[in-house]
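Inspection log for the structure reproduced underneath, given as structure tokens.
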Amino acid sequence: MAEGGAPVTMSDVARLAGVSTATVSRVVNGRYGVSASTIAQVRSAIERLGYESSLVATSLRRSRTNVLGLVTHSFQSYTAEVLKGVMEALSQSGFDLIIYANSDLYGTYSEGWEQRHLTRLSGTLTDGCIVVTPWGEVRSSTPVVVIDPARDSTVPSVTADNLTGATAVVEHLLGLGHRRIGFIAGRSNMAAAWSREEGYRRALAEAGVPVDPTLIGRGDFNPESAVPLARALLDRADRPTAIFAASDGMALKALEVAKGMGLSVPGDLSVVGFDNIPESALAEPGLTTVDQSMYRLGYEAARMLKSLVSGEWEGPTQVVLPTRLVVRGSTAAPKSLLGP
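All residue numbers for the sequence shown refer to the working numbering, where the first residue is 26 and numbers rise by one.
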């Protein structure tokens with residue numbers, strides 16, 4: 026800040042460096058015609074004063090800001106892991122990152138959040154954006170890469186092989202001897218949620234186990250949405266012996282509900298999630314889940330966006346990453362097969 030707490034200006038930098046404001050402008054904008062010694066002098070003044078040029082003003086002067094955006098509905102463990110991958114991919118790339126998150130977590134204002142955020146960021150502040158788990162299709166005047174897109178989306182995207190991961194979960198439970206397997210689904214308009222439910226249905230069908238629609242609860246990936254659904258499944262006289270939730274957040278809530286009802290996990294009920302967030306390994310017992318490498322999702326999305334902005338991307342614009350089943354203590358054979 027300049028004297029009196031006012032923002033540092035280009036004139037302040039010029040005064041300290043002993044050069045003209047025009048020279049400071051050339052240095053800040055990377056233009057030719059300034060000697061190396063003068064550049065060093067100006068940069069030293071910028072560092073001492075803490076001067077930052079306005080992103081909006083920079084974008085008006087140039088066609089690029091060298092800033093990328095990350096747009097997300099909310100910050101939870103999933104998003105934090107994705108962000109680690111994004112930051113690694115952008116390390117030493119010359120791009121900065123703006124993070125824009127929804128302030129109305131799962132509230133009535135949430136519908137259309139992704140398009141509102143993109144409209145605010147695209148074109149003036151950012152050269153392109155990553156959108157994490159949008160609820161609908163997105164449009165932008167600048168490049169966009171989506172992590173876990175909406176169903177039927179045509180926007181460049183990075184996602185996990187949700188179908189294979191969910192199939193592996195149910196095959197694991199079937200292999201333990203479970204036949205009544207409850208499922209808590211995710212938000213229906215997201216491709217990931219649809220694929221995970223399809224994996225659940227496909228694995229049961231291939232094993233010759235009829236799909237019981239009354240064992241399927243409709244959540245929306247909000248962990249709290251799993252609470253009444255898990256309770257309804259476990260209140261039944263013919264309750265399931267296992268519950269597969271379409272996200273770790275919902276699975277951990279199902280585990281809490283089971284314990285609150287006096288059920289032991291995995292003795293009375295096996296519970297499985299999807300994501301492999303850090304909390305899944307810390308649960309008691311540890312949560313069996315599907316690792317979709319959230320770090321890698323972020324890394325690959327940022328790598329694609331950088332190349333799209335630079336006009337250098339030559340690979341597929343729909344990237345699918347492999348998944349891996351992680352077996353922990355929350356799954357075991359149903360009590361009926363264990364004997365007295």
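Virtual Cβ for every residue (Gly too), placed ideally from N, Cα, C.
Given the structure is predicted, the values throughout are model-derived calculations rather than measurements.
Determine the contact status of glutamate 139 and valine 156, defining contact as a CB-CB distance below 8 Å.
Within the sequence shown, numbered from 1, the residue matching residue 139 stands at position 114. Within the sequence shown, numbered from 1, the residue matching residue 156 stands at position 131. In this structure, valine 156 lies closer than 8 Å to glutamate 139 by Cβ.
Residue ranges of each alpha helix (DSSP H) within the segment 202-233, 4 or longer
216-231
What does the alpha-carbon distance come out to for the pair leucine 85 and serine 166?
By 1-based counting over the sequence shown, the position of residue 85 is 60. By 1-based counting over the sequence shown, the position of residue 166 is 141. Because leucine 85 carries a pLDDT of 42, less than 50, the predicted location of this residue cannot be relied on, and the following value inherits that uncertainty. Taking the straight line from one Cα to the other gives about 15 Å.
Leaving aside the five residues before and after leucine 41 along the sequence, list all residues of the same chain whose C-beta is less than 8 Å from its C-beta, in chain order.
Working through the sequence shown from its first residue, we reach residue 41 at position 16. Result list for leucine 41: Ala70, Arg73, Leu74, in chain order.
Expected contact under 8 Å - CB spacing of methionine 275 and glycine 244 to nearest Å
Start at 1 with the first residue of the sequence shown, and residue 275 comes out as number 250. Start at 1 with the first residue of the sequence shown, and residue 244 comes out as number 219. Rounded, the Cβ-Cβ distance is 5 Å, consistent with contact.
For alanine 357, which option in Pro235, Gly242, Gly202 has the closest C-alpha, if you only look at C-alpha atoms?
Position 332 of the sequence shown, counted from the start, is the residue given in the question as residue 357. Nearest in C-alpha terms to alanine 357, of all of Pro235, Gly242, Gly202, is Gly202.
Between which two residues does the alpha helix (DSSP H) harbouring glutamine 66 extend?
To locate residue 66, count along the sequence shown from 1; it is residue 41. Counting along the chain, the alpha helix (DSSP H) containing glutamine 66 begins and ends at 61-74.
According to DSSP, is aspartate 368 part of a helix, a strand, or is it coil?
Because the chain here runs from 26 to 365, residue 368 falls outside it and cannot be looked at.
Is it true that the segment 316-326 meets the segment 101-115, where meeting means three or more beta-carbon pairs spaced less than 8 Å apart?
They touch, by the three-pair rule.
DSSP three-state assignment for glutamine 343, whether helix, strand or coil:
Residue numbering aside, residue 343 sits at position 318 when the sequence shown is read from its first letter. Collapsing the DSSP output to three states places glutamine 343 in a strand.
Quick one: what does DSSP say alanine 175 is sitting in, helix, strand or coil?
One-based indexing of the sequence shown puts residue 175 at position 150. Correct three-state label for alanine 175: strand.
Taking the continuous alpha helix (DSSP H) assigned at valine 352, which residues delimit it?
Counting from one through the sequence shown, the residue named residue 352 turns up at place 327. Premise fails: valine 352 is in no alpha helix (DSSP H) and is neither H nor E.
By Cβ distance below 7 Å, which residues in the same chain neighbour glycine 211 in space, the five residues on each side in sequence not counted?
Sequence index remark: in the sequence shown, residue 211 carries index 186 (1-based). If we look at glycine 211 and ignore the five residues flanking it on each side, its Cβ neighbours are Ala217, Ala218, Arg221, Gly244, Asp245, Phe246, Ala271, Ser272.
With a threshold of 7 Å on Cβ separation, who are the neighbours of isoleucine 64 within its own chain once the five nearest residues in sequence on each side are excluded?
The residue given as residue 64 occupies position 39 in the sequence shown. Once the five neighbours on either side are set aside, the close Cβ partners of isoleucine 64 are Val52.
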